[in-house]
Structures are given as C-alpha cells and as structure tokens.
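Student: My questions all concern the structure below.
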DNA sequence: CGCTAATCTAGAACAAGTTGCAGACTTGAT
DNA sequence: ATCAAGTCTGCAACTTGTTCTAGATTAGCG
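Chains as they are written, first to last, in UniProt numbering: chain A, 1 to 207; chain B, 1 to 207.
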C-alpha cells in the first residue's frame with residue numbers, strides 16, 4: 001500500500017505536517033458539526049473555532065462551504081470504500097451485489113442522517129467551481145460500484161448503467177433525506193435500477 | 001377545462017385579483033432573473049423590486065428563496081406539459097416515447113440553461129419545509145412520463161421504474177448543468193434508463 | 001359611508017457566507 | 001543565525017437571505 005497521504009490525492013504543493021494536521025482537524029470538525037444539525041449546522045465560523053484555525057485559514061484550505069462539505073464527503077467515501085473492501089457483498093449476480101453494496105452504504109448513512117444530509121446537499125448544490133471535487137467523488141463512487149460488479153473492462157453500455165445507478169442513488173438519497181420517500185421505497189428503486197446491470201451484462205456476453 | 005386559477009392548485013384562502021396579479025408578477029420576475037444569472041442572480045430584494053412588491057410581501061407569498069424557485073419550476077412544468085400534450089411523441093415503444101419526451105424537455109431547458117440551473121438547484125437543495133411543493137413537482141413529472149408511456153394503470157414495478165427515471169433525469173440534468181457531462185452522455189443515460197420501461201412492461205404482460 | 005381585520009410598504013436589523021487587511025509566526029535557503 | 005517569502009491569526013467589513021416593526025392601504029361588512 002502506497003504511503004500517499006490520505007485525502008488530497010494529487011496536485012499542488014505538498015503540505016507540511018502541521019498543515020496536514022490542520023486539514024484533518026478541519027474535516028473532523030466539519031463532519032462533527034454536520035452529524036449534529038446537518039448542512040445548516042456547519043457554520044464556517046464554528047468550524048474554524050472547533051478546529052482551532054482562523055477563519056481566513058479555513059477559507060484558504062477550502063474556498064467555500066460547499067468545497068468543505070464535498071471534501072468531507074470524499075473523506076467519508078474513502079472510509080466506506082475501505083470498510084466495504086473488507087466484507088465484499090455475497091450476492092450471486094452482479095446486480096444483487098451492487099444492490100447489496102448500495103443498501104449497505106445506505107444503512108451506514110442512516111446512522112448519521114444529518115451528516116448524510118449535509119454532504120449530499122452540498123454535492124448537488126455545488127456549482128461549476130466545485131466540479132473537479134464533485135467529479136472526484138463521482139469517480140470514487142463508480143469504483144465502488146464496479147468493484148461490487150467484479151468487472152475489469154466495462155463496456156460503454158455498462159458504464160452508462162453505472163452512471164444511471166449513481167444518479168438514482170443520489171437522487172433517492174435526497175428524497176429519503178427530505179422525507180419524501182420511505183426506506184422501503186428506496187430499496188425497491190435501487191433494486192429496480194440494478195436490473196440494468198444484468199441487462200447490459202447479458203448483452204456484453206453475446207456481442 | 002375548469003376555470004381554476006393557474007398555479008396554486010389547491011388549499012388556503014382564495015386570492016383576490018390583485019393578489020393573483022402580484023403572484024404572477026413575482027413568478028415572472030423570478031424566472032426572468034433566473035434566466036440571466038441562474039440561482040445566484042435570483043436575489044430576493046431584486047425580485048421584490050422587479051415585481052413591485054415589498055420584500056415582506058414577497059416573503060408572505062413565498063416563505064423562502066427555495067420556495068419561490070420551486071414554485072417557478074411548477075409554473076414552467078405546467079407550461080411544458082401543455083406544450084407536450086399538443087405534440088405527443090411518436091416512438092413505437094413506450095421506452096422510445098419517454099426518452100423522446102425527456103430529450104425534448106431537455107432541449108427546452110437547454111435554451112434557458114440559467115433558468116434550468118436555478119430551478120433544479122432549488123429543487124435538490126430544498127429541505128423538509130419545502131417537501132409538499134417538491135412533491136407536487138415530482139407528481140407533475142410523473143404524470144408527464146406516464147402520459148408518454150400511454151399507461152392507465154401502472155403496476156408497482158412500473159411506478160418504481162418511473163421514479164428511477166425521474167431520479168436519473170434530475171441528476172443527469174445537474175451533471176450537465178455543472179459541466180460534468182456532455183449532452184450526448186445525458187442522451188445515452190436517458191435511453192439506458194428508459195429500457196427499464198420495456199423490461200417492466202414485458203413483465204406486466206405475462207403476469 | 002365608516003369600521004375592523006387583514007394585507008402591504010418602507011426600511012431597519014440580524015445571521016451566516018465571504019473577503020480584505022495589518023501584524024505575528026513559520027519555513028526554507030543561505 | 002538571518003533574511004525573504006509564504007502562512008496564519010484576529011478582526012472588521014460587505015453581501016444576501018430572512019425577520020421584525022410601525023405605519024399606510026385595502027377588503028369585506030353593516
């Protein structure tokens with residue numbers, strides 16, 4: 001396993017130790033505040049205070065509240081990916097394994113609904129200035145799903161199916177978080193969309 | 001056709017003429033400002049000024065910026081539904097007709113990308129306090145899709161497929177608006193998800 | 001018409017995200 | 001150790017969504 005620092009996967013000047021520590025403190029404070037009151041509870045002044053950093057510094061690390069929360073999501077996703085790797089899903093078909101994986105992730109989020117709320121709202125509220133970071137989150141999600149499918153070289157069809165699954169995942173999460181859908185409904189919809197996998201996989205085989 | 005006033009489809013005290021006029025002026029100003037700079041350009045003070053209404057009054061009509069934009073979306077959706085009714089899609093299968101309908105809607109939004117941005121961002125950013133209004137938008141979208149399918153009594157399976165399509169539609173729209181996906185990709189994904197329709201329809205026939 | 005309750009207006013005030021600035025502190029190179 | 005460049009801090013100011021208030025206006029009613 002490479003010794004690469006945890007989160008900032010690339011680019012720009014390397015951070016000193018104290019800077020890494022600051023960054024971690026900030027993300028930790030962000031997640032903690034979010035776990036309480038969700039998006040609104042993550043107030044930049046409070047994050048700064050909690051992480052013992054000046055407001056200006058906070059903004060130097062994360063140029064906006066949305067950037068901060070998307071970075072928080074990246075961190076959580078990495079954590080989750082690690083967890084999922086340890087206990088891979090057991091289903092027989094790719095569709096089952098993906099659905100199982102997503103529902104497992106879903107239950108994890110259920111335990112911290114406020115945190116989930118903050119992260120997902122930030123993700124969909126993000127404008128172009130956050131595109132690179134949002135894209136990174138999306139790529140990470142794709143990796144998780146492809147992992148569950150156990151696929152090495154997905155076809156274009158399959159990639160499209162994976163994107164659709166991601167769309168459904170995000171959007172279903174939002175409707176659940178805002179109380180407009182039950183968990184049962186989310187489960188059904190996840191299972192429904194996962195059938196696209198079998199569909200496209202069957203076709204890949206007969207090509 | 002019933003003489004019911006245009007937008008507020010139900011509930012609460014009926015509005016006087018001048019009040020209806022105010023409401024329309026507000027929604028018009030909102031859409032106009034949104035058409036320029038998107039979500040950020042819709043500033044409550046400006047909306048109030050443009051529609052010749054005091055700020056307090058604006059807040060009496062729409063309790064928050066998000067409420068206002070979701071209502072704006074309702075109005076636009078109604079308009080679009082009317083337009084679509086006039087020229088129903090021509091495809092042979094339900095899936096084709098739905099995909100065609102959505103892509104048509106998509107092209108309409110393309111013409112006013114800022115407006116689309118404002119409305120969709122508001123929709124996904126909405127918290128529980130806006131649930132009823134967001135739900136209304138969702139129901140309207142469902143009607144449009146079922147219309148395109150030409151279905152009277154959808155099964156639970158089919159309703160789930162429709163929900164998944166809506167999820168995909170919203171989420172794909174967002175990724176396009178924030179420049180993370182091309183139109184071609186959106187088209188492919190819409191077509192991919194629409195295949196769920198044929199799938200569930202085939203099953204309904206053999207039940 | 002004249003009254004009352006509801007509504008509307010103008011504008012101040014408050015909250016939270018964001019920016020700017022002057023001075024202290026760190027870092028890295030010499 | 002010293003200097004220059006880059007960072008961090010504390011704090012004030014600005015922006016925009018939201019709330020509040022006091023005084024007009026309007027609507028409905030006898």
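Glycine is no exception: its CB is placed at the ideal position from the N, C-alpha and C atoms.
Measure the C-alpha to C-alpha separation of residue 119 of chain B and residue 43 of chain A and round it to an integer number of angstroms.
Tutor: For the purposes of this step, residue 119 of chain B is identified with residue 119 of the second chain, where counting begins at 1. For the purposes of this step, residue 43 of chain A is identified with residue 43 of the first chain, where counting begins at 1. About 25 Å.
Student: Take the Cβ of residue 195 of chain B as the centre, count every other Cβ of all protein chains shown within 10 Å, and call the residue buried at 16 or more, exposed below.
Tutor: For the purposes of this step, residue 195 of chain B is taken as the residue at position 195 of the second chain. Its Cβ being crowded by 16 or more others within 10 Å, residue 195 of chain B is buried.
Student: Candidates A/153, A/192, A/157 and A/181: which alpha carbon is nearest residue 165 of chain B's?
Tutor: As a first step, residue 165 of chain B is located in the second chain; it is residue number 165 there, counting from the start. Nearest to residue 165 of chain B by C-alpha distance, out of A/153, A/192, A/157 and A/181, is A/192.
Student: I want to see whether chain A comes within less than 7 Å of residue 164 of chain B, judged by CB atoms only; does it?
Tutor: Within the second chain, numbered from 1, the residue matching residue 164 of chain B stands at position 164. The C-beta of residue 164 of chain B comes closer than 7 Å to at least one C-beta of chain A.
Student: Please compile the residues from chain B whose C-beta is within a distance smaller than 8 Å of the C-beta of residue 27 of chain A.
Tutor: Residue 27 of chain A sits at position 27 when you count from the first residue of the first chain. What residue 27 of chain A touches in chain B: nothing, since even the nearest Cβ is about 22 Å away.
Student: Can you give me the C-alpha to C-alpha distance between residue 128 of chain A and residue 181 of chain B, rounded to a whole angstrom?
Tutor: Numbered from 1 along the first chain, position 128 holds the residue referred to as residue 128 of chain A. Numbered from 1 along the second chain, position 181 holds the residue referred to as residue 181 of chain B. So the two alpha carbons sit approximately 12 Å from each other.
Student: Measuring CB to CB, does residue 124 of chain B end up less than 7 Å from residue 174 of chain A?
Tutor: Numbered from 1 along the second chain, position 124 holds the residue referred to as residue 124 of chain B. Numbered from 1 along the first chain, position 174 holds the residue referred to as residue 174 of chain A. Going by C-beta atoms, residue 124 of chain B is nearer than 7 Å to residue 174 of chain A.
Student: Looking at C-alpha atoms only, which residue of B/110, B/104, B/95 and B/64 is the closest neighbour of residue 199 of chain B?
Tutor: Counting from 1 along the second chain, the entry for residue 199 of chain B is found at position 199. Among B/110, B/104, B/95 and B/64, the Cα nearest to that of residue 199 of chain B is on B/95.
Student: Quick check: the Cα distance between residue 169 of chain A and residue 66 of chain A, rounded to an integer number of angstroms?
Tutor: Within the first chain, numbered from 1, the residue matching residue 169 of chain A stands at position 169. Within the first chain, numbered from 1, the residue matching residue 66 of chain A stands at position 66. Those two C-alpha atoms are separated by around 20 Å.
Student: I'd like to know whether the C-beta of residue 167 of chain B is nearer than 7 Å to at least one C-beta of chain A.
Tutor: On the second chain, residue 167 of chain B is found 167 positions in, with the first residue counted as 1. Yes, contact with chain A.
Student: Taking only three categories from DSSP, how would you classify residue 125 of chain B?
Tutor: Numbered from its first residue, the second chain carries residue 125 of chain B at position 125. Reduced to three states, the DSSP call for residue 125 of chain B is helix.
Student: Could you check what DSSP says for residue 159 of chain A in three-state terms: helix, strand or coil?
Tutor: Residue numbering aside, residue 159 of chain A sits at position 159 when the first chain is read from its first letter. Three-state DSSP puts residue 159 of chain A in a helix.
Student: Just verifying my parser: in three-state terms, what is the DSSP assignment at residue 113 of chain A?
Tutor: Against the first chain, residue 113 of chain A aligns to sequence position 113. In the three-state DSSP reduction, residue 113 of chain A falls in the helix class (H, G or I).
Student: If residue 148 of chain B sits next to residue 186 of chain B, beta carbons under 8 Å apart, how far is it from one beta carbon to the other, in whole angstroms?
Tutor: Numbered from its first residue, the second chain carries residue 148 of chain B at position 148. Numbered from its first residue, the second chain carries residue 186 of chain B at position 186. Between residue 186 of chain B and residue 148 of chain B the Cβ distance is about 17 Å, and since that is not below 8 Å, they are no contact.
Student: Between the stretch 68-80 of chain A and the stretch 23-30 of chain A, are three or more C-beta pairs nearer than 8 Å?
Tutor: yes
Student: Would you tell me roughly how many angstroms separate the C-alpha atoms of residue 3 of chain A and residue 83 of chain A, rounded to the nearest one?
Tutor: Here residue 3 of chain A is taken as the residue at index 3 of the first chain, counted from 1. Here residue 83 of chain A is taken as the residue at index 83 of the first chain, counted from 1. The predicted position of residue 3 of chain A is uncertain, since its pLDDT is 34 and thus under 50; a value taken from the coordinates is nonetheless stated next. Going from the Cα of residue 3 of chain A to the Cα of residue 83 of chain A covers about 19 Å.
Student: What number of angstroms, rounded off, separates the C-alpha of residue 190 of chain B from the C-alpha of residue 79 of chain A?
Tutor: Taking the first residue of the second chain as 1, we reach residue 190 of chain B at position 190. Taking the first residue of the first chain as 1, we reach residue 79 of chain A at position 79. Cα-Cα distance, rounded: 31 Å.
Student: My assumption, with CB atoms under 8 Å, is that residue 141 of chain A sits in contact with residue 77 of chain A. Please give the rounded CB distance.
Tutor: Here residue 141 of chain A is taken as the residue at index 141 of the first chain, counted from 1. Here residue 77 of chain A is taken as the residue at index 77 of the first chain, counted from 1. So it is a contact: roughly 7 Å between Cβ atoms.
Student: Determine the direct distance from the alpha carbon of residue 104 of chain A to that of residue 101 of chain B, and round the result to whole angstroms.
Tutor: Here residue 101 of chain B refers to the residue found at position 101 when the second chain is read from its first residue. Here residue 104 of chain A refers to the residue found at position 104 when the first chain is read from its first residue. Cα to Cα, residue 101 of chain B sits roughly 34 Å from residue 104 of chain A.
Student: By DSSP, does residue 64 of chain B sit in helix, in strand, or in coil?
Tutor: Reading the second chain from its first residue, position 64 is the one you call residue 64 of chain B. DSSP places residue 64 of chain B in the coil class of the three-state scheme, outside both helix and strand.
Student: My output table needs one value for residue 57 of chain A: the three-state DSSP class, helix, strand or coil.
Tutor: The residue given as residue 57 of chain A occupies position 57 in the first chain. DSSP places residue 57 of chain A in helix when its eight states are reduced to three.
Student: With 16 as the cutoff for other CB atoms within 10 Å, does residue 1 of chain A come out buried or exposed?
Tutor: Along the first chain, one-based indexing puts residue 1 of chain A at 1. Only weak support is given to the placement of residue 1 of chain A: the predicted model assigns it a pLDDT of 35, under 50, and the question is left unresolved by the model.
Student: When we look at the beta-carbon of residue 117 of chain A and count the other beta-carbons within 10 Å, is it buried (16 or more) or exposed?
Tutor: Position 117 of the first chain, counted from the start, is the residue given in the question as residue 117 of chain A. Under this definition residue 117 of chain A is a buried residue.
Student: Work out the CA separation of residue 31 of chain B and residue 56 of chain B for me, nearest whole Å.
Tutor: Within the second chain, the letter at position 56 stands for residue 56 of chain B. Within the second chain, the letter at position 31 stands for residue 31 of chain B. Whole-angstrom Cα-Cα distance: 20 Å.
Student: When you compare only the Cα positions, how much space is there between residue 58 of chain B and residue 152 of chain B?
Tutor: On the second chain, position 58 is the one that residue 58 of chain B refers to. On the second chain, position 152 is the one that residue 152 of chain B refers to. Rounded to whole angstroms, residue 58 of chain B to residue 152 of chain B spans 40 Å at the Cα level.
Student: Residue range of the alpha helix (DSSP H) that residue 206 of chain B falls in?
Tutor: Position 206 of the second chain, counted from the start, is the residue given in the question as residue 206 of chain B. Where residue 206 of chain B is concerned, there is no enclosing alpha helix (DSSP H), given that its DSSP letter is neither H nor E.
Student: For residue 61 of chain A versus residue 23 of chain A, is the C-beta distance shorter than 7 Å?
Tutor: For the purposes of this step, residue 61 of chain A is identified with residue 61 of the first chain, where counting begins at 1. For the purposes of this step, residue 23 of chain A is identified with residue 23 of the first chain, where counting begins at 1. Cβ atoms of residue 61 of chain A and residue 23 of chain A: closer than 7 Å.
Student: Would residue 170 of chain B count as contacting chain A if we go by Cβ distances under 7 Å?
Tutor: Position 170 of the second chain, counted from the start, is the residue given in the question as residue 170 of chain B. Yes, its Cβ sits closer than 7 Å to a Cβ of chain A.
Student: What number of angstroms, rounded off, separates the C-alpha of residue 90 of chain A from the C-alpha of residue 202 of chain A?
Tutor: Position 90 of the first chain holds residue 90 of chain A. Position 202 of the first chain holds residue 202 of chain A. Those two C-alpha atoms are separated by around 20 Å.
Student: Pull up the distance between the alpha-carbon of residue 37 of chain A and that of residue 177 of chain A, whole angstroms please.
Tutor: As a position in the first chain, residue 37 of chain A is number 37, starting the count at 1. As a position in the first chain, residue 177 of chain A is number 177, starting the count at 1. Cα to Cα, the separation comes out at about 13 Å.
Student: Within the 7 Å Cβ cut-off, does residue 9 of chain A reach chain B?
Tutor: As a first step, residue 9 of chain A must be located in the first chain, where it is residue number 9. The pLDDT assigned to residue 9 of chain A is 48, lower than 50, so where the model puts this residue is not dependable, and the model offers no usable value.
Student: In the DSSP assignment, find the alpha helix (DSSP H) that holds residue 132 of chain A and state where it starts and stops.
Tutor: As a working note, residue 132 of chain A is residue 132 in the first chain. First-last of the alpha helix (DSSP H) with residue 132 of chain A: 131-149.
Student: By the three-class DSSP mapping on this structure, what secondary structure does residue 182 of chain A have?
Tutor: Position 182 of the first chain, counting from 1, holds the residue named residue 182 of chain A. Three-state DSSP puts residue 182 of chain A in coil, outside helix and strand.
Student: If we ignore side chains and look at the alpha-carbon of each, how far apart do residue 133 of chain B and residue 139 of chain B end up?
Tutor: The count along the second chain starts at 1 and reaches residue 133 of chain B at position 133. The count along the second chain starts at 1 and reaches residue 139 of chain B at position 139. The straight-line gap from Cα to Cα measures roughly 10 Å.
Student: Say whether chain B places a C-beta atom closer than 7 Å to the C-beta of residue 179 of chain A.
Tutor: Translated into the one-based positions of the first chain, residue 179 of chain A becomes position 179. For residue 179 of chain A, the answer is yes, since a Cβ of chain B falls inside 7 Å of its Cβ.
Student: Taking C-alpha atoms, which residue in A/159, A/162, A/93 and A/75 lies nearest to residue 136 of chain A?
Tutor: Counted from its first residue, the first chain places residue 136 of chain A at position 136. Closest by alpha carbon: A/75.
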